Amino acid sequence: MSNRTFVVGVGMTKFEKPGSREWDYPDMARESGSKALADAGVSYDQIQQAYVGYVYGESTSGQRAVYELGITGIPVINVNNNCSTGSTALFLARQAVKAGVADCVLALGFEKMQKGSLGSTFEDREQPMLNHLKELFPLFEWAGEPIAPYMFGAAGREHMSKYGTTAEQFAKIGRKNHRHSVNNPYAQFQDEYSLEEILASRTVYEPLTKLQCSPTSDGSGAAVIASERFVDEHDLWDRAVEIAGQAMVTDTADTFTSKSAITIIGATMSRLAAERACEEARMGVGDVQVVELHDCFSTNELITYEALGLAAEGEGGALVDAGDNTYGGRWVVNPSGGLISKGHPLGATGLVQCAELTWQLRGTADARQVDGVTGALQHNIGLGGAAVVTLYRR
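Numbering (UniProt numbering), first residue to last: 1 to 394.
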């Protein structure tokens, strides 16, 4: 039997504003995990390993989370990789299946977040992005703004300076993702805004306004990953979606030598991960119709178009203006509403991207459904750093 790997079940919670709902991370995990198991048609005692991702939480929270699904003595591995935590759990689950270590594995991610902008938890030790910031501070002024929008806003400013990209083009991405989220019942926000409203919302760090920034969120996502043998033995072909290629890349030397904000926020990681995933899958961006990518900020979505090969270097703005990132265009990017509007509970994001693309490939995405989907691409990045790119096919 081959070492092909498949997503056979997915589930997620609705994403919520932190503190707006009386629930805790075990409740989130129980909901998303139960949905994924039911979707796969398997019971928890058929799960042989679990990889559980979260950024903010105590040690072994992963065990506490999946114990809501069952207590069977299986290996449970806690995963933390900043904003790419969910896709890192997916990456590890797939590795276990692909290597023949297990036939049926659960990847689950959750986050219970504090209100407001992200901040550090520990003040008595070096911050993991200190070296990134040391390279960025001489390039773009910082006046105490929250660090994440500063970093991605600086990359947007660099793109504007080098390629003539406009604040309006970035704002169009925010408008698109809010419009897409109207059809997503799981999204934290389901409101549509005009371009003028996007541009007029509060400036966080130019060119970024509030409606171009992802919010903090509570929520969870899960996926069941299985071998071809397991799919065959349990007759799961009606729901199986193949993970055709996948790659993770961490920072390369040019992150700290390039004198480029675009590189500091991970464009090289994204490009290399995409190239390697495409090579494994023997697919290219021309073979996919739908993309879920890491739009933590509108500037990063545009920069990532170029890193993934959807647009040539400097041509991301032209792709936006042509409408080739939405329904009726060349690709539909973030039909879920993306991080900007669906929400961004860090440990869950990569797994709910997987869920959305699984639904798209099955043809069950309801009002969000993209026509004729045979291939899909997922991109998830965390500063500090790691980028994971995954290619799926029906």
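Think of the CB as a built atom: it goes at the ideal place given N, C-alpha and C, for glycine as much as any other residue. Bear in mind the structure is a predicted one, so any value in this text is a computation, not a measurement.
The continuous alpha helix (DSSP H) containing CYS354 extends over residues 346-362. In the assembly as shown, ALA226 is a buried residue. Its beta-carbon has 16 or more other beta-carbons within 10 Å.
Nearest to ALA187 by alpha-carbon distance, out of GLU233, ALA50, PRO149 and PRO215, is PRO215.
The Cβ atoms of GLN46 and ILE74 lie no closer than 7 angstroms to each other. Here DSSP, grouped into helix, strand and coil, assigns CYS296 to coil. Within the model, the alpha-carbon separation for ILE262 versus GLN360 is close to 30 angstroms. Just so you know, the alpha carbons of GLN353 and LEU139 end up roughly 33 angstroms apart. By the Cβ criterion, the segment 69-89 is not in contact with the segment 315-333, since fewer than three pairs of Cβ atoms, one from each stretch, lie closer than 8 angstroms. Going by DSSP, LEU339 is part of the alpha helix (DSSP H) stretching over 338-342.
Around the beta carbon of LEU357, 16 or more other beta carbons sit within 10 angstroms, so the residue counts as buried. Cβ-Cβ separation between CYS104 and VAL42: approximately 6 angstroms, consistent with a contact (criterion under 8 angstroms). The beta-carbon separation of LEU208 and THR299, rounded to 6 angstroms, stays under the 8 angstroms limit for a contact. Shown here, GLN246 sits in a strand according to DSSP, grouped into three states.
Each of ALA244, ALA312 and VAL291 was checked against the Cα of MET283, and the nearest Cα belongs to ALA244.
The straight-line gap separating the alpha-carbon atoms of GLU315 and TYR163 is approximately 8 angstroms. A contact between stretches requires three or more CB pairs, one per stretch, nearer than 8 angstroms, and the segment 150-166 fails this requirement with the segment 189-197. Looking from the CA of GLU197, the closest CA among HIS178, ALA307, VAL182 and VAL101 belongs to HIS178. Short of 8 angstroms from the beta carbon of LEU308, and not among the five residues preceding or following it, lie these beta carbons of its own chain, in chain order: SER270, ARG271, ALA274, VAL285, VAL291, LEU293, LEU377, HIS379 and VAL389. Taking all protein chains shown into account, PRO335 has 16 or more neighbouring C-beta atoms within 10 Å of its C-beta and is therefore buried. Straight through space, the alpha carbons of PHE122 and GLN369 are spaced by roughly 43 angstroms.
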